[in-house]
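Participant: What follows is a single structure, and I will ask about it in a moment.
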Amino acid sequence: MPVDVGSVIGLTLIPLLVIFILAIVGSAVKVVRQSTQMVVERLGRFHKVMDSGLNFMVPFIDRVRAVVDLREQVADFPPQPVITKDYVTMQIDTVVYFQVTDVVSFVYEISNPYSAIENLTATTLRNIIGELDLDETLTSRDIVNTKLRAILDEATDIWGIKVNRVELKNIMPPRDIQDAMEKQMRAERERREAILRAEGEKAAEILTAEGRKQAIILDAEAQREKEILAAEAEKQVRILEAEGQAEAIVRVQQATAEGRRLVQSAGLTPELYVMLQGIDAMKGLGQSPSSKLVIPTDASKLLGALPAMAESLGLKAEEAGNKQSQLEEIKEEQAGQES
């Protein structure tokens, strides 16, 4: 059976044609991912920038030049040798955070932007550190970061790059300077420790002194309260004694007044009352072994006159006789003591 050459060729070309058409359609359709942009050239010249999503371009005429990431990027550069103002060589490594803001300038204004940023960072860092001495370099990181970021941001603006921040990750001075710094830090720590210890001892002594002060104050207050209570007790004793004496005086006065009243009611003259009181007093003195009583000679006349005086005053003879016998007994006791 003869083979139809045309049919065979047709069957072969149809699949190839389908594949070719699919390839053309596939090259004409582009899907751009989120946070990226594509730079498209047409016949070797810049044509357009495709954003994220579904995009189309002319096959065989348009070509994707570059795909640019719009997210913030981190460039960690190796340590760079720098010299300070006081001629100390040290190694400093930096980290630069940047972001592409203009993809056209980023693609066409600089051939290797990452290498350009690294070299620009190194030269700018040398210029800034060259104006500072070692101590300022070690203590002025924020100032160096701010100056470096401002200079890099201004220089990379024409490349479509924005420098967000720059950080000095590590500053490595020479070994001998590191040893000296460690000794200084050790001495500073020891000094702070000594200060803290001294302050602690001072605080302890202050607390102890305050305790002693409070104890002395409390003792003084207790002694004062004790003296006040003792004075109050003595005061009460004296008041009671004074009240007792006053009451005794009042009672004596009352007894004296009562005696006078009785004398007046009995019709005794004051001279006779005094005479009777004297006899009672001589009786009491005569009863004391340590006393010596001398009776005058006129006392016999007094004894003889007692009955008459008593009778004239209306007293009982027995009472007058008692007084007379009491006076005679006193006289006899005195005579016995003298013998």
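Numbering (this note's numbering), first residue to last: 432 to 770.
Think of the CB as a built atom: it goes at the ideal place given N, C-alpha and C, for glycine as much as any other residue.
Computed from a predicted model, the values in this text were never measured in an experiment.
1) Residue 552 to residue 448, Cα distance in whole Å?
2) Is residue 484 helix, strand or coil when you go by DSSP?
3) Alpha carbon to alpha carbon, how far is residue 556 from residue 517? Give it in angstroms, no decimals.
4) To the nearest angstrom, how far is it from the Cα of residue 561 to the Cα of residue 631?
5) My output table needs one value for residue 558: the three-state DSSP class, helix, strand or coil.
6) May I ask you to report which of helix, strand or coil DSSP gives residue 607?
7) Using 10 angstroms around the beta-carbon of residue 477, count the other beta-carbons present and answer buried if the total reaches 16, otherwise exposed.
8) Let me check one thing: in DSSP terms, what residues is residue 507 bridge-paired to?
9) Cβ of residue 470 within 9 Å of Cβ of residue 534?
10) Give me the Cβ distance between residue 590 and residue 537, rounded to the nearest whole Å; I'm assuming they're in contact under 8 Å.
11) Out of curiosity, what's the CA-to-CA distance linking residue 452 and residue 468?
12) What's the gap between the Cα of residue 607 and the Cα of residue 550?
13) Alpha helix (DSSP H) containing residue 534: first to last residue?
14) Where DSSP assigns a beta bridge to residue 473, which residues make up the other side?
15) Less than 8 Å between the CB atoms is what I'm expecting for residue 592 and residue 525, so what's the real figure, rounded?
16) May I have the straight-line CA-CA distance separating residue 464 from residue 484, to the nearest angstrom?
17) Quick one: grab the DSSP three-state call for residue 499.
18) Look up residue 601 in the DSSP assignment and give the residues it is bridged to.
19) Taking the alpha carbon of residue 566 as the point to measure from, which residue in 493, 617, 603 and 583 has its own alpha carbon closest?
20) Check residue 684 in the structure and name its three-state DSSP category.
21) Determine the closest residue to residue 599 out of 539, 521 and 530, with distance taken between C-alpha atoms.
22) Use the C-beta contact count for residue 515: other C-beta atoms within 10 angstroms, 16 or more gives buried, fewer gives exposed.
23) Any idea what DSSP makes of residue 644, helix, strand or coil?
24) So what's residue 667 in DSSP terms, helix, strand or just coil?
25) Would you please state the rounded distance, in angstroms, between the beta carbons of residue 579 and residue 571? I believe it to be under 8 Å.
26) In the DSSP assignment, the beta strand (DSSP E) including residue 463 goes from what residue to what residue?
27) Please list, in chain order, all residues of the same chain as residue 540 whose beta carbon is under 7 Å from its beta carbon, the five residues on each side excluded.
28) How many Å lie between residue 497 and residue 581 at the Cα?
29) Taking the Cβ atom as the reference point for each residue, do residue 548 and residue 501 lie within a distance shorter than 9 Å?
30) Taking only heavy atoms of the ligand ZN into account, decide whether any of them is closer than 8 Å to the Cβ of residue 639.
31) In angstroms with no decimal places, state the Cα-to-Cα distance between residue 594 and residue 450.
32) Report the rounded CA-to-CA distance for residue 650 versus residue 670, giving the unit in angstroms.
33) Could you check if residue 605 is buried or exposed, using at least 16 other CB atoms within 10 Å of its CB as the buried criterion?
34) If distances are taken between C-alpha atoms only, which option among 597, 585, 587 and 586 comes closest to residue 573?
Facilitator: This is what the structure gives:
1) Position 121 of the sequence shown, counted from the start, is the residue given in the question as residue 552. Position 17 of the sequence shown, counted from the start, is the residue given in the question as residue 448. Rounded to whole angstroms, residue 552 to residue 448 spans 55 Å at the Cα level.
2) Taking the first residue of the sequence shown as position 1, residue 484 is located at position 53. Here residue 484 sits in strand by DSSP.
3) Counted from its first residue, the sequence shown places residue 517 at position 86. Counted from its first residue, the sequence shown places residue 556 at position 125. CA-to-CA, the gap between residue 517 and residue 556 works out to about 16 Å.
4) Position 130 of the sequence shown, counting from 1, holds the residue named residue 561. Position 200 of the sequence shown, counting from 1, holds the residue named residue 631. Separation of residue 561 and residue 631 (C-alpha to C-alpha, rounded to the nearest whole angstrom) is 45 Å.
5) In the sequence shown, counting from the first residue as 1, residue 558 sits at position 127. Reduced to three states, the DSSP call for residue 558 is helix.
6) Along the sequence shown, read from residue 1 onward, the residue named residue 607 stands at position 176. Looking at residue 607 - three-state DSSP - the assignment turns out to be helix.
7) Indexing the sequence shown from 1 puts residue 477 at position 46. Exposed, since its Cβ has fewer than 16 Cβ neighbours within 10 Å.
8) Here the question's residue 507 lines up with position 76 in the sequence shown. 526, per the DSSP bridge assignment.
9) The count along the sequence shown starts at 1 and reaches residue 470 at position 39. The count along the sequence shown starts at 1 and reaches residue 534 at position 103. It is a contact, given that the beta carbons lie within the stated cut-off.
10) For the purposes of this step, residue 590 is taken as residue 159 along the sequence shown, with counting starting at 1. For the purposes of this step, residue 537 is taken as residue 106 along the sequence shown, with counting starting at 1. Rounded, the Cβ-Cβ distance is 6 Å, consistent with contact.
11) Position 21 of the sequence shown, counting from 1, holds the residue named residue 452. Position 37 of the sequence shown, counting from 1, holds the residue named residue 468. Cα to Cα, residue 452 sits roughly 27 Å from residue 468.
12) Along the sequence shown, one-based indexing puts residue 607 at 176. Along the sequence shown, one-based indexing puts residue 550 at 119. The straight-line gap from Cα to Cα measures roughly 29 Å.
13) Residue mapping note: residue 534 aligns to position 103 of the sequence shown, counting from 1. Segment 534-539, the alpha helix (DSSP H) holding residue 534.
14) As a first step, residue 473 must be located in the sequence shown, where it is residue number 42. 476 and 493.
15) Within the sequence shown, the letter at position 161 stands for residue 592. Within the sequence shown, the letter at position 94 stands for residue 525. Not a contact, Cβ separation roughly 16 Å.
16) Sequence index remark: in the sequence shown, residue 464 carries index 33 (1-based). Sequence index remark: in the sequence shown, residue 484 carries index 53 (1-based). The alpha-carbon atoms of residue 464 and residue 484 are separated by roughly 6 Å.
17) Along the sequence shown, one-based indexing puts residue 499 at 68. Looking at residue 499 - three-state DSSP - the assignment turns out to be strand.
18) For the purposes of this step, residue 601 is taken as the residue at position 170 of the sequence shown. Paired residues: 524.
19) For the purposes of this step, residue 566 is taken as the residue at position 135 of the sequence shown. Among 493, 617, 603 and 583, the Cα nearest to that of residue 566 is on 603.
20) For the purposes of this step, residue 684 is taken as residue 253 along the sequence shown, with counting starting at 1. Helix.
21) Start at 1 with the first residue of the sequence shown, and residue 599 comes out as number 168. Closest option to residue 599, Cα to Cα, is 521.
22) Here residue 515 refers to the residue found at position 84 when the sequence shown is read from its first residue. The residue in question, residue 515, is buried, as its Cβ has 16 or more Cβ neighbours within 10 Å.
23) Here residue 644 refers to the residue found at position 213 of the sequence shown. Note: residue 644 maps to helix in three-state DSSP.
24) Within the sequence shown, residue 667 is the residue found at index 236, counting from 1. It is helical.
25) By 1-based counting over the sequence shown, the position of residue 579 is 148. By 1-based counting over the sequence shown, the position of residue 571 is 140. The Cβ separation is near 12 Å, so there is no contact.
26) Along the sequence shown, one-based indexing puts residue 463 at 32. Start and end: 460-463.
27) In the sequence shown, residue 540 corresponds to position 109, counting from 1. For residue 540, where only same-chain residues beyond five positions count, the Cβ hits under 7 Å are 589, 590 and 591.
28) On the sequence shown, residue 497 is found 66 positions in, with the first residue counted as 1. On the sequence shown, residue 581 is found 150 positions in, with the first residue counted as 1. Taking the straight line from one Cα to the other gives about 28 Å.
29) Indexing the sequence shown from 1 puts residue 548 at position 117. Indexing the sequence shown from 1 puts residue 501 at position 70. Not a contact, by the Cβ cut-off of 9 Å.
30) Judged by which ligands are present, the structure shown has none, so any question about the ligand ZN falls away.
31) By 1-based counting over the sequence shown, the position of residue 594 is 163. By 1-based counting over the sequence shown, the position of residue 450 is 19. Each residue's Cα considered, the two are about 47 Å apart.
32) Taking the first residue of the sequence shown as 1, we reach residue 650 at position 219. Taking the first residue of the sequence shown as 1, we reach residue 670 at position 239. Approximately 30 Å between the Cα atoms of the pair.
33) Counting from 1 along the sequence shown, the entry for residue 605 is found at position 174. The residue in question, residue 605, is exposed, as its Cβ has fewer than 16 Cβ neighbours within 10 Å.
34) Working through the sequence shown from its first residue, we reach residue 573 at position 142. Nearest C-alpha to residue 573: 597.
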